[in-house]
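Q: One structure follows; several queries about it will come next.
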Amino acid sequence: MSLGRIRWSKMSELLGIPLKRTLDVDFAAELSKLIDSTSFQTASFFQSDISKVAAARNNAITPDISINGLDALKTYYAMLLQLERKFPDNQIEFTWFQTLSQKSLGCSQYSLQWEKLTIIYNIGCMYSLLALDSNNDSVESLKTSCLYFQNSAGCFKYVMKHQTNLKTMPVMDNSTADALASLMLAQAQECFWFKAVQDKHKDSLIAKLSQQIVDFYSEAISEAQRGKLIRNDWINHLKAKKAYFSAVTSYRMSLSFNEKKQFGSMVKALQKALQFVNDSTLSSQAKFRTVIESTLKEAQRDNDFIYLQQLPSELPKIKPALMVKPSSIVTLLPSIENSDQLFKDLIPVEVMDYCTAYNERQDKYIEQRVTNPLISLNKLLKESMTTFQIPQELITISEAELVQYEALLDNLHVNNKNIQSELGKAEQVLKEEAFSDKQLRLKHGTLHWTLPESSTVNATYYEKLKKLKEYLDQGSAIDKQTDELFQSIDKKLITSEIKLPEPNDSLTNMN
């Protein structure tokens, strides 16, 4: 086994997962080119943010095995969350090298999501290595190591679940991811087991804790053998750990049988423990085997000469005691809401194109449904006005003409309602668009729905609609005044024949 990939603890031989390695990327230059090609602004406008991202990646690709190194990985991860929302996924090439297999296999992909999941993988590796460094067999260090191993398992599980959405090669095959997660949980469970041993809990409880360790190692071995990356010496180590803790389980059960005066079962359990420990190649195997052999020899002698209990053909199955689980990634990694905002004012060209197309459709709709009908009505009104030439002399009008005037006034009310209906439809379209924008934003989240808010895009049309309503209200008021004035006219007076009084000037009458 490579000591660069295995760290040792007083508790037992524990494994830490080595960090993936990468090639240097001129991130500043790549981001600058990306901004110039996909954004409304130029890269020089965002030089400060570009430098921050480039520095964050440089710190994250070669971190120290420390809390500071973990923070560097998380800082870069938080920046990648923002880059995902601002830029296309497939524009910058990243290269990472596997460190689990015998050969350091490299893989290059054009994908920010792939880069993000790789960083989460390395965060999981960092937690596993920190768990080893923090473990000195004290109570607090055991708690810390146990938590870090569970955090590591959570990271590997997250990568396995979300890499199915990638359009690129996966970060690792799913079997390898499952194997690593099970390995981390086995070592977290081992911390609980060791604490129980230190605290001298009942042998039956310690046996249940160790049985869960066996189950985790069984899962890890099965997935590792199906996977493509975990090397054979690691798999052999997992088998040795499984055999060791199988022996621990049987040994502790034998002590529990002894307490219950079940001496035949005790001998049977010790025989199984000896078989298991002989299959283990751990450095602590020899000392443990001596303990088992000594206990078995004494138990067999006492049973043969004193208790005379028959050995059972099978021992009862031990129910494992599960004490650990993968940590939720939400509790481990920073969220985009709690991170410093980068490229805050950046406007992608694609968004500008969408906005332009949307505005054109809005303009066309208003023109067809509002503006053109108003123009037609105005034209009709002007054409009609030419027939209403008022003569210089005072003339009477017929009742038919009066009815026609009344009809024209009624038409004004009808037209007013028609226009009001069209404006209402336009307003409803804007409301529906705003509601649709809100629903899509809620559905996809601001991470994927990056279009500007409807209220911002359509502000011009809301203003135009407001003005048109004001014009309509003014027209309605004028129509009302006109109608009231018309109704105040004495219709009999204006429709009756006007008879001028006869001149009573005698001089005039003479002619």
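When we follow the working numbering, the leftmost residue of the sequence shown carries the number 379, and every step to the right adds one. For glycine and all other residues, C-beta sits at the position ideal for the given N, C-alpha and C. Values in this document were obtained by computation on a predicted structure and should not be read as measured data.
(1) Between F534, F635, S662, which lies nearest to H615 when the distance is taken from Cα to Cα?
(2) Of the residues S713, C485, A677, H822, which one's Cα is nearest the Cα of T453?
(3) Mind checking which residues open and close the beta strand (DSSP E) that includes Q487?
(4) Out of curiosity, what's the CA-to-CA distance linking A598 and C569?
(5) Since L607 contacts Y629 with CB under 8 Å, what's their CB separation in whole angstroms?
(6) Return helix, strand or coil for F465, following the three-state DSSP convention.
(7) So, is I856 buried or exposed, given that buried needs 16 or more other C-beta atoms within 10 angstroms?
(8) Output needed for L700: all residues of its chain with C-beta closer than 6 Å, excluding positions within five of it in sequence on either side, in chain order.
(9) How is T893 classed by DSSP in three states: helix, strand or coil?
(10) Got a sec? Which residues, its chain only, sit under 6 Å from L448 by beta carbon, not counting five neighbours each side?
(11) Would you kindly report the start and end of the unbroken beta strand (DSSP E) that includes L829?
(12) For the beta strand (DSSP E) that E391 lies in, which residues bound it at each end?
(13) According to the neighbour-count rule (16 or more other Cβ atoms, all chains shown, within 10 Å of its Cβ), is R435 buried or exposed?
(14) Does DSSP put R399 in a helix, in a strand, or in coil?
(15) Between the Cα of A559 and those of M547, E671, K539, spot the shortest distance and give me the residue it belongs to.
(16) N437 to L451, Cα distance in whole Å?
(17) Where do the ends of the alpha helix (DSSP H) carrying M644 lie?
(18) List the endpoints of the continuous alpha helix (DSSP H) containing N543.
(19) Of the residues P751, K586, C485, N610, which one's Cα is nearest the Cα of S624?
(20) At which residues does the alpha helix (DSSP H) containing T554 begin and terminate?
(21) Are M547 and Q487 touching if we call contact CB-CB under 9 Å?
(22) In angstroms with no decimal places, state the Cα-to-Cα distance between I753 and N796.
(23) By the three-class DSSP mapping on this structure, what secondary structure does S516 have?
(24) For E391 and L461, I'd like the C-alpha separation in whole angstroms.
(25) With distances taken from CA atoms, which of Q688, K842, L711, Q603 is nearest A906?
(26) Helix, strand or coil: how does DSSP classify S417 here?
(27) Do you know how far the Cα of K639 is from the Cα of H579?
(28) Under a three-way DSSP split, which group does G802 fall into?
(29) Could you check whether the stretch 519 to 532 touches the stretch 470 to 488, counting it as contact only if at least three pairs of C-beta atoms, one from each stretch, sit closer than 8 Å?
(30) Determine the extent of the alpha helix (DSSP H) in which V702 is found, giving its start and end residues.
(31) For H791, which three-state DSSP category applies?
(32) Just mark V517 as buried or exposed, buried being the case when its beta carbon has 16 or more other beta carbons within 10 Å.
(33) CB L808 to CB N836, shorter than 9 Å?
(34) Taking the beta carbon of Y849 as the centre, do at least 16 other beta carbons fall within 10 Å, making it buried, or is it exposed?
(35) Starting from Y839, trace the alpha helix (DSSP H) in both directions and tell me its first and last residue.
(36) Could you check where the alpha helix (DSSP H) with Y629 kicks off and where it finishes?
A: A quick look at the data gives this:
(1) S662
(2) S713
(3) Bounds of the beta strand (DSSP E) holding Q487 are 484 to 488.
(4) 17 Å
(5) Taking 8 Å as the upper bound for CB-CB distance, L607 and Y629 are not in contact here, some 34 Å apart.
(6) coil
(7) exposed
(8) Q590
(9) Nothing in the structure corresponds to residue 893, since the chain is present only between 379 and 889.
(10) M504
(11) Per DSSP, L829 belongs to no beta strand (DSSP E) and is neither H nor E.
(12) Start and end: 391 to 393.
(13) buried
(14) R399: strand per DSSP, three-state reduction.
(15) K539
(16) 8 Å
(17) 641 to 657
(18) N543 -> no alpha helix (DSSP H), and no H or E assigned at all.
(19) K586
(20) 552 to 576
(21) yes
(22) 14 Å
(23) coil
(24) 40 Å
(25) In the structure as shown, the chain begins at 379 and stops at 889. Residue 906 is therefore absent and cannot be evaluated.
(26) strand
(27) 19 Å
(28) helix
(29) no
(30) No alpha helix (DSSP H) contains V702, which DSSP labels as neither H nor E.
(31) helix
(32) exposed
(33) Result yes, Cβ atoms of L808 and N836 sit closer than 9 Å.
(34) Y849 comes out exposed.
(35) Counted as a single uninterrupted DSSP element, the alpha helix (DSSP H) harbouring Y839 occupies residues 837 to 866.
(36) 610 to 637
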